[in-house]
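Numbering (the numbering used here), first residue to last: 24 to 1021.
All residues carry an ideal CB built from backbone N, CA and C; glycine is no exception.
Source: prediction; values computed, not measured.
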Amino acid sequence: MDARVRFTSVLQLTRCSDRRYRLFMKPSRIIRSSDRDAATSNSGAIPGSTFPQSESLGSTGNARPAPDHVRHLRTLGNGRAATAELVEARWADGRTELYVEKVFAPGRLTRCIYRFAFASPFPYQSNHDAIWTCFYRRRVIAEMLEGQAICDRKPASASVALPAYVRYDHTRRAFVLAAEFITGRGPIPTSSEVIAPPLHRNDALSNDAPFNAPPSYENAPNKNASTKNEMSDLLSRMRDVEQSLIDWGLVGSGWQVSPGALVSTANLLIKTHPSLKVFRADNSDENLDEKHLPHERYTIIDLESGIPAVLLWRYVWQSWKQGSLFPFDDLEPTTLRASSQQLADRLVQIGETKRAATLVADVENLVTHDERWKASEIAPFRKPWTWFSNKRRQTYRQCCVDRWQRNGTVDSAFANQLHRSTFRFAWFWIVSLCLLGSAGRWLRSCLANEQHRQRVRKFASHSRTRSAYWLRFQNGCVKTWKKQQRWPRTPTTAMPGRRQLSRISFCTNRILGMLTPAAVHRYCVDQHRRRRRNRQFAAFLTRRGYQIAVGRRAFRSRIKHWHSRGWLSDEHATELKAQFSGPQLAVYSRGLGMHLGIKILYPLMAPLKVGGIAVAVASGNVLFALVPMFALPILRTIVTLYSSIANRSLNVPHRHALWIGMLPTIGSAAFIVQMGATNPRISAFLLRDLAARFARRIPIYGGPNSRTEHAALALTDRWLRLTSTYSQRFHNKNNMPHTSSPESPAPDSSVRYRDGDCLWWPYRNVVRDAFVIASVCCAVLYALQRSLSDAASNPWLTGENGALETLQFFTLVATALVATFAFTRVRPSRYRSIAFALVCVAAAGACREIPKRRPSLPVNVGDLNAAGGIEFVLASNTKHAIIGIAILVWLARVAYGWVKFPDDRRFWFTPSFVWPAIPFACSFALSQFFEHMKWLIAEESIELFAYMMMLTTAAWIVKNASELNTPNLAVIGNNPESPTRPNDCRLKSRWAACKKAG
């Protein structure tokens, strides 16, 4: 069947050579060719209207006039060079349309990079020809992509958001390019739904579900998972478009759609259409092949660069061939004219004469404006053989005068003088180089603008003028503060709406606006906001319900964000919200909310970390650098311990949250990981969201819909699959049925039995793990000491508050925290006594490691330097008091246990209890011997080994708390068929060993 299909910006079907077809779809989806041609071929220069704070640039070709009024709706995004804003444009005839305006007001870094590369201001902000180059570049690329698709009778690889008009914004002193508003989305990740498959049994999410066993999974994949890799399809389209642009001579535009640029995927939007079917006019059963009817439309929304394309060698080489060192939206005029003429000839052959004429005219306008733009810049590294060209000098002078006149620096009379006199232009150009910034522009206006001089004289001689100016300046600042949410939009008693502020109040707000974030400024000046924040902070510290609500609000906000991006379906979003409930997840939600509340200290901790590193370098004491780094982890650990103690009756595990919360930076994800014990799907979703947010904040290479974001999600998916597989295998291994056979291994030698009671105590593992950890730490510190200094007597490693003593101090602090957590986890009295003893010994040892205060302080700078700088010290009386209190508390606990638990008395005098203290005592005996022999490194290392044994013992109690809480196996009975027999493989082996021991 011979059919000729022509695709426009959406999809359009025309008559065939022998049959007639109809396309059934929504009327709003169809764009007629006549309407499209009328929209793209408004020939003639139509002068635009002038309206407040904006200037129409008229039309140099087929552009529409600028609107009479523009109403800002919302900001869509902020890039390196421009801000995308959704606006409602209104013309004098009452016509209104929605457009996306790109306001080219780049930041200081972008302007500095461009000025370094081309010795000129950023062109799209201030150059008239550069902004029109952007306009015609979009039109030419759109027409060539569409024209090639029409000639090849296939859908276009992508479309382009067509430009509408160009105007100049006097308020922001920047050009604005308006383009059509495209409703679309970015590519959805391959596994858009949560990686963890649904739970196999329904009771895994119930309130009675056990916490110590991982849930079982189904082997079937999640029905909501996205099976189509949209990122691969998008990259394939981008490669086709990039190659087409380079072949056509639009070399610089290929950078915006190059897959090699990690953030270029954000320059395209995907719009999904419903399924389309084509039926014959005679209602026959024969249908057109539907594989040529695309269900997705790719639209390029950004073709303007922010920085030179120096990150890909391909574009650097293309720029060098054209005589420019740095590539920036370059094009090859000869290749572009030849390729556009060839395409126009093909269009004429199929009857598209009007489209071909429009394409040729737009290409000529593009080349003309591009040549004027490049000639109006100094650009010492671009075609140096044209530096002394008379045409280039005249173009550069014209561009500078137009920019000064547009900014109000010079008036028309002085501009004519600059055009006539080369000496006057050179003099004013040198003055412009010397007087930079807002103050420099004001001084230059005093020299070259008569109206500005009159305003200055009037301001100096009339008090009413000064008052009016001051009020107008205040109102402008207040308007800016309201836009930045630093100031309430509705007038209050403390901050009136129209009434003039006092000078002290205004100056204070100016200082706060320059030095503080918007939230801090609003808190300081808005009493209603301050009162509300104080109530929220008090509720966060005291109310359990509010803490839970904070965590749930954060979770629901992430669900809403993913759903708005199309990464979650309606069904799956509702399912996740429903699963985030129950008493167990309420505990974790509360902990998550409290961890998020600790983040309020982040702005305070950043300068403390920098200052601590500086003091540590100056004093040689690494404790100053480590304390600010571990301040937030310590707070998170305290919150986790409090949550564990407060919810010990529910037997909710906190092991993962405790260990991960101790890590800097990533410790805020502690309770997110811990949620995997109850609901792995919730945990997996939050971990993927955390990885995506981290990737979006990476400078230069990050951002939404970038390849960096999708790569972070892919890595997180692999890690989740790996951990899920490992957890499942470990769980299946522990739940294998136990069979007694001659080949069965003998019970572990670390298991001790006495009178039918099993005492599982890993002597060898504790000593081995402590020795390995202490050896690695000592080796690393010794290597650092040898690499940083050549002096063997350098006290950095073994001196007071040295690296080894600092590590010992933090080991003891960690032992105290972990032992406290172990005390709350285990229920048998004997293990609680061990944990309590570890807490007391660790507290006394940590106090012992802090050096004593010197009896006399130095009185001059020399003595201060001789004293070794600033150190953490503690008075002897205070140290002795703390150690004494720890000993008394431990003795009180011993007395309490002696009276309360008489069955444990004989246990205290057995080798099972005495044996762990033997290596600990031997370690301290060796340390005293090494101290007598002046072997400082050996002394500190053996002490570190002793402290590590305490830490590993406490960690072992936490790890095996569930098994230690199992009732005495001797009371199970001798009936092998008893229903109370343990199901766990390890407990079965212990039960069999106890039974064998009699």
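Within 10 angstroms of its Cβ, does D393 collect 16 or more other Cβ (buried), or is it exposed?
That one is buried.
What three-state label does DSSP hand G100 in the structure shown?
Three-state DSSP puts G100 in a strand.
Residue of F127, D353, L273 and A172 minimising C-alpha distance to N150:
When the alpha-carbon of N150 is set against those of F127, D353, L273 and A172, the nearest one is in F127.
Enumerate in chain order the residues of its own chain whose CB-to-CB distance from F603 is below 7 Å, with the five nearest sequence positions on each side excluded.
Contacts found: R575, F578 and I705.
Per DSSP, T322 forms a beta bridge with which residues?
Answer is S182 and L292.
Would you identify the three-state DSSP class for F832, choosing helix, strand or coil?
The three-state secondary structure of F832, taken from DSSP, is helix.
Under DSSP, the beta strand (DSSP E) around R195 begins and ends at which residues?
Going by DSSP, R195 is part of no beta strand (DSSP E) at all; its letter is neither H nor E.
When T663, A179 and A714 are compared against Y611, the one with the closest alpha-carbon
The candidate whose alpha carbon is nearest that of Y611 is T663.
Throw me the rounded Cβ distance for the G589 and R113 pair, which I believe falls under 8 Å.
Wrong, their Cβ atoms sit about 31 Å apart, outside the cutoff.
Inter-residue CB distance, A735 and A715 (contact presumed, cutoff 8 Å):
Yes, they are in contact, since the Cβ atoms of A735 and A715 sit about 6 Å apart, within 8 Å.
Let me check one thing: in DSSP terms, what residues is R208 bridge-paired to?
I293, per the DSSP bridge assignment.
So A184 packs on A202, CB below 8 Å; how close in whole Å?
Confirmed, about 4 Å.
Among E124, R138, A140 and L132, whose alpha-carbon lies nearest the alpha-carbon of F158?
When the alpha-carbon of F158 is set against those of E124, R138, A140 and L132, the nearest one is in E124.
To which residues does DSSP link S347 through a beta bridge?
Its beta-bridge partners are R405.
Return the CA-CA distance between H618 and K481, expressed in angstroms with no decimal places.
Approximately 58 Å, taken between the alpha carbons.
Which residues mark the beginning and the end of the alpha helix (DSSP H) in which V675 is found?
Taken as a continuous stretch (DSSP letters only), V675 belongs to no alpha helix (DSSP H), as it is neither H nor E.
Mind the definition here: the segment 636 to 648 touches the segment 707 to 723 only if three or more C-beta pairs lie below 8 Å; say whether that holds.
No, the segment 636 to 648 is not in contact with the segment 707 to 723.
Going by C-alpha distance, which of L466, Q497, F204 and H733 is nearest T322?
Ranking L466, Q497, F204 and H733 by Cα distance to T322 puts F204 first.
If you follow the beta strand (DSSP E) that L121 is in, where does it begin and where does it stop?
Unbroken beta strand (DSSP E) run through L121: T119 to V126.
With a Cβ-Cβ cutoff of 8 Å, do I582 and A601 count as a contact?
I582 places its beta carbon 8 Å or farther from that of A601.
Spatial distance of S72 from A629 (CA atoms):
Only weak support is given to the placement of S72: the predicted model assigns it a pLDDT of 32, under 50, and the value that follows is read from those uncertain coordinates. For S72 and A629, the distance between alpha carbons rounds to 51 Å.
Whose C-beta lies closer than 6 Å to the C-beta of G346 among residues of the same chain, with five residues either side of it excluded?
Scanning its chain for C-beta atoms nearer than 6 Å, with the 5 sequence neighbours on each side dropped, one finds around G346 the residues K406, in chain order.
If V862 and T843 are in contact, beta carbons under 8 Å, what's the gap, nearest whole angstrom?
Indeed, because the Cβ distance is near 6 Å, the residues count as touching under 8 Å.
G907, buried or exposed, once every other Cβ within 10 Å from all chains shown has been counted against 16
In summary, G907 is exposed, with fewer than 16 beta-carbon neighbours lying within 10 Å of its beta-carbon over all protein chains present.
What is the rounded straight-line gap between the Cα of R118 and the Cα of L109?
Roughly 17 Å separates the two Cα atoms.
Cβ contact (3+ pairs, closer than 8 Å) linking the segment 458 to 478 and the segment 425 to 436:
Contact holds: three or more Cβ-Cβ distances are below 8 Å.
I'd like the span of the beta strand (DSSP E) that includes A107, first residue to last.
Counting along the chain, the beta strand (DSSP E) containing A107 begins and ends at T106 to R113.
Three Cβ pairs or more, each shorter than 8 Å: is that satisfied between the segment 354 to 365 and the segment 266 to 286?
Three or more Cβ pairs closer than 8 Å define a contact, and the segment 354 to 365 meets that threshold against the segment 266 to 286.
Where R711 and L599 are concerned, what is the direct C-alpha to C-alpha distance, given to the nearest angstrom?
Between the C-alpha atoms of R711 and L599 there is a straight-line separation of about 14 Å.
Check this for me: beta carbons of R512 and K502, under 8 Å apart or not?
Going by C-beta atoms, R512 is not nearer than 8 Å to K502.
Buried or exposed (CB count within 10 angstroms, at least 16 for buried), M956:
Answer is exposed; the Cβ neighbour count stays below 16.
Starting from W585, trace the alpha helix (DSSP H) in both directions and tell me its first and last residue.
Start and end: R567 to S587.
Locate the alpha helix (DSSP H) running through L627, then write down its first and last residues.
L627: member of the alpha helix (DSSP H) spanning Y625 to S642, first to last residue.
Cα-Cα separation, R553 to C547:
The alpha-carbon atoms of R553 and C547 are separated by roughly 7 Å.
Who are the near neighbours of S484 in its chain, counting only those whose CB is closer than 8 Å to its CB and skipping five residues on each side?
If we look at S484 and ignore the five residues flanking it on each side, it has no Cβ neighbours.
L102 versus S747, S287, R176 and N413, residue with shortest Cα-Cα distance
As written in the sequence, residue 102 is Gly, which differs from the Leu given in the question. G102 has its Cα closest to that of S287, out of S747, S287, R176 and N413.
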